[in-house]
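Trainee:
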Amino acid sequence: MWLRARLSDIRIILHFVGMFVVGIGVAMSVPLITAVLSAEWDAALDYTLGIGVALALGGALALGLTRESKLTHAHALVLTALGWLTASAVAAVPLSLSGNYLTYLDAFFDAISGLTTSGLTVVVDLDHMALSHNMWRHLTHLIGGQGIVVAALSLAVGMRGGAFSLYLAEGRDERILPNVLYTTRFIWFVTAMYVGIGTLTLWGVNTHLGMDAGRGVLHAFWISIAAYDTGGFGPQSMNAMYYHSYLFEVVSVFLMIAGTMNFNLHAQVWRGDRKELWDNIETRVLAVNILILAALAAVGLAATHSFSGSAEAIRKGAYHILSAHTGTGHQTIYPSQWLSDFGGPAFAAVMLAMAAGGAVSSTAGGIKALRLGVIVKSVIHQVKASLAPSSAVLTSRYHHMGERFLTPEVTTSAAIVFIMYAVTYITGGLIGASYGYGAGPAMFESISATANVGLSTGITSASMPTGLKLVYMFQMWAGRLEFIAVLSLFAQLVLAVTKPGGSQR
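Last residue of the sequence shown: 722 (the working numbering), numbering continuous.
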């Protein structure tokens with residue numbers, strides 16, 4: 218599939234899209250069991266229907282693969298973009314039947330927000346949502362945080378070649394173990410460890426707060442998923458503010474930081490290489506950014522005098538900078554407080570934190586710390602080169618899982634992704650402003666959607682214009698896949714429409 222998809226290419230792509238959809242149907246068995254155990258019979262019917270739709274559609278799409286077909290890198294890009302959209306559309310089916318969404322589009326919005334770990338939501342009456350539907354919302358974070366492709370590969374879904382291409386197409390940059398299947402299973406192992414630890418710890422916190430055992434463990438499980446997978450959904454409309462607990466914030470911050478770190482770094486540390494934590498350019502960039510932005514947020518909050526004392530201002534500022542920088546999206550304030558209580562410097566700091574994002578090959582979104590570090594190193598290199606004698610040969614290095622040379626290819630790749638994110642942030646902000654929202658809130662919401670964060674000033678709601686919902690859905694999807702897979706899909710669609718009789722090499 219070098220120029221235009223042939224019939225055989227389309228059959229390969231649709232086959233694996235079908236496999237992803239079948240996987241979504243199988244995952245729906247968890248909320249179905251939850252519905253049965255909770256005697257939520259209407260919800261049980263919703264998931265029975267959802268499973269039926271997923272298995273029927275997925276099975277139909279998967280029928281067309283020919284025995285000799287092989288998955289290429291070009292297939293992987295188009296398949297990944299199309300697979301995420303289709304999986305989200307099917308994941309929305311039971312949500313649309315829940316009664317908590319005004320339209321199917323709203324349910325689709327939340328499904329794509331969940332799978333991209335964005336956390337923006339247009340749900341209605343969340344506080345009275347069935348347990349099974351809340352379970353499904355948070356499970357979409359669990360599936361999407363690791364990646365739909367990672368989930369498929371970890372189950373060794375039968376693909377003839379192209380496994381690593383699929384892994385890369387989903388926005389992953391590095392292979393952790395020599396075999397990509399082992400890599401994906403390691404990712405799930407790390408996730409299970411942190412979600413398990415988080416669930417047990419938060420269960421204790423919730424019990425301390427007075428929740429009964431059953432409700433406390435469900436909330437603990439859901440919040441652990443949302444925090445570690447840097448998603449931001451919450452079981453209550455007040456999000457993290459519902460818990461009003463310093464202990465809750467400490468545990469959730471631990472999970473946020475763990476989730477935003479590179480899975481390769483997790484592997485290095487678990488192998489005993491603690492030194493990598495301090496030497497790695499990503500952790501250094503993250504640490505410096507967070508400290509600077511948290512200080513700026515604290516200053517901005519102190520200037521508004523909206524919180525009682527400097528300690529609370531520092532706590533609120535640091536929590537939301539961490540939530541924004543890790544791409545988690547938990548917030549302990551009302552949406553209206555972003556403009557009234559945070560003030561200019563703090564508001565700007567949170568937007569910068571969201572835009573920057575976490576580490577590559579993690580559950581976080583945004584531009585990513587590695588790319589920012591590379592760009593800064595490149596600027597410094599160019600300044601040195603301009604001041605050095607013409608005969609001098611300069612080389613620059615950076616540490617990321619070992620010493621690496623700063624090459625033009627590395628710099629160009631980082632700059633391209635940076636530019637695509639920046640253009641999308643600004644474009645989304647301009648579109649939001651064109652709908653009549655203020656420039657600041659519109660830019661805030663656009664960055665939150667594209668960087669898959671989920672913090673909101675209140676623009677994102679069931680009542681916002683349909684056109685803006687579609688814009689944010691596109692931003693969440695494109696930002697999660699880091700644009701290349703989405704652009705590849707669009708390129709194939711353009712070729713199919715504009716050159717129906719051209720060459721088909």
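Glycine is no exception: its CB is placed at the ideal position from the N, C-alpha and C atoms.
1) Identify, in the order they occur along the chain, each residue of the same chain with its Cβ nearer than 8 Å to the Cβ of residue 598, setting aside the five sequence neighbours on each side.
2) Going along the chain, which residues of its own chain have a beta-carbon closer than 8 Å to the beta-carbon of residue 306, five neighbours each way excluded?
3) Given a cut-off of 8 Å on the beta-carbon distance, is the pair residue 294 and residue 636 in contact?
4) Ignoring anything shorter than 4 residues, give me the alpha helix (DSSP H) runs that lie fully in the segment 257-290, in order along the chain.
5) Residues bridged to residue 493 by DSSP?
6) Please name the residue, chosen from 508, 496, 555 and 546, that lies closest to residue 524 on a Cα-to-Cα basis.
7) Does the pairing of the segment 558-578 with the segment 537-550 give three or more beta-carbon distances under 8 Å?
8) Hey, quick one: how far does the beta strand (DSSP E) through residue 620 stretch, first residue to last?
9) Helix, strand or coil for residue 318? Go by DSSP, reduced to three states.
10) Counting only runs that start and end within the segment 430-489, where is the beta strand (DSSP E) found for 3 or more residues in a row?
11) Identify which residue in 250, 463, 266 and 232 has its Cα closest to the Cα of residue 288.
12) Given this structure, state the Cα-to-Cα distance separating residue 476 from residue 334, to the nearest angstrom.
13) Unbroken beta strand (DSSP E) runs of length 3 or more, entirely within the segment 519-594: which are they?
14) Check whether the segment 305-320 and the segment 253-270 touch, using three or more Cβ-Cβ pairs below 8 Å as the test.
15) Looking at the structure shown, is residue 704 part of a helix, part of a strand, or coil, going by DSSP?
16) Thinking just about the alpha-carbon of each residue, which of 472, 404, 299 and 236 is nearest to the one in residue 578?
17) Note down, in chain order, each residue of its chain lying with its Cβ closer than 7 Å to the Cβ of residue 565, except the 5 sequence neighbours on either side.
18) Work out the CA separation of residue 309 and residue 682 for me, nearest whole Å.
19) With 16 as the cutoff for other CB atoms within 10 Å, does residue 353 come out buried or exposed?
20) Just to confirm, is the Cβ distance from residue 442 to residue 237 under 8 Å?
21) For residue 235, does the three-state DSSP call read helix, strand or coil?
22) With distance defined between alpha-carbon atoms, name the residue in 513, 529, 239 and 457 nearest to residue 272.
23) Taking the alpha-carbon positions, what's the residue 685 to residue 490 distance?
24) Considering only residues of the same chain and omitting the five flanking positions on each side of residue 582, which have a CB-CB separation below 6 Å?
25) Is residue 546 buried or exposed, if buried means 16 or more other CB atoms sit within 10 Å of its CB?
Mentor: Taking the coordinates as given:
1) The beta carbon of residue 598 is closer than 8 Å to those of 611, 613 and 623 in its chain, skipping five residues each way along the sequence.
2) The beta carbon of residue 306 is closer than 8 Å to those of 325 and 328 in its chain, skipping five residues each way along the sequence.
3) Not a contact, by the Cβ cut-off of 8 Å.
4) Those alpha helix (DSSP H) runs which fall completely within the segment 257-290 and span 4+ residues are 258-279.
5) Listed as beta-bridge partners of residue 493 by DSSP are no residues whatsoever.
6) Answer by Cα proximity: 555.
7) Contact holds: three or more Cβ-Cβ distances are below 8 Å.
8) First-last of the beta strand (DSSP E) with residue 620: 620-622.
9) When secondary structure is reduced to three states using DSSP, residue 318 falls in the coil class, being assigned neither helix nor strand.
10) Listed in chain order, there is nothing to give.
11) For the residues 250, 463, 266 and 232, the minimum Cα distance to residue 288 belongs to 232.
12) Cα to Cα, the separation comes out at about 11 Å.
13) The DSSP assignment places no complete beta strand (DSSP E) segment of no fewer than 3 residues inside the segment 519-594.
14) Because the criterion of three Cβ pairs below 8 Å is met, the segment 305-320 and the segment 253-270 touch.
15) Taken through DSSP and simplified to helix, strand or coil, residue 704 comes out as helix.
16) The option with the nearest alpha carbon to residue 578 is 404.
17) Cβ contact annotation for residue 565 (same chain, cutoff 7 Å, sequence separation greater than five): none.
18) Residue 682 and residue 309: Cα-Cα distance of roughly 19 Å.
19) The residue is buried, with at least 16 neighbouring Cβ atoms inside 10 Å.
20) Against a cut-off of 8 Å, the Cβ pair of residue 237 and residue 442 comes out as no contact.
21) It is helical.
22) Checking every option, the nearest Cα to that of residue 272 belongs to 239.
23) Between residue 685 and residue 490, the C-alpha separation is close to 46 Å.
24) 544, 574, 668, 669 and 696.
25) Buried: at least 16 other Cβ atoms inside 10 Å.
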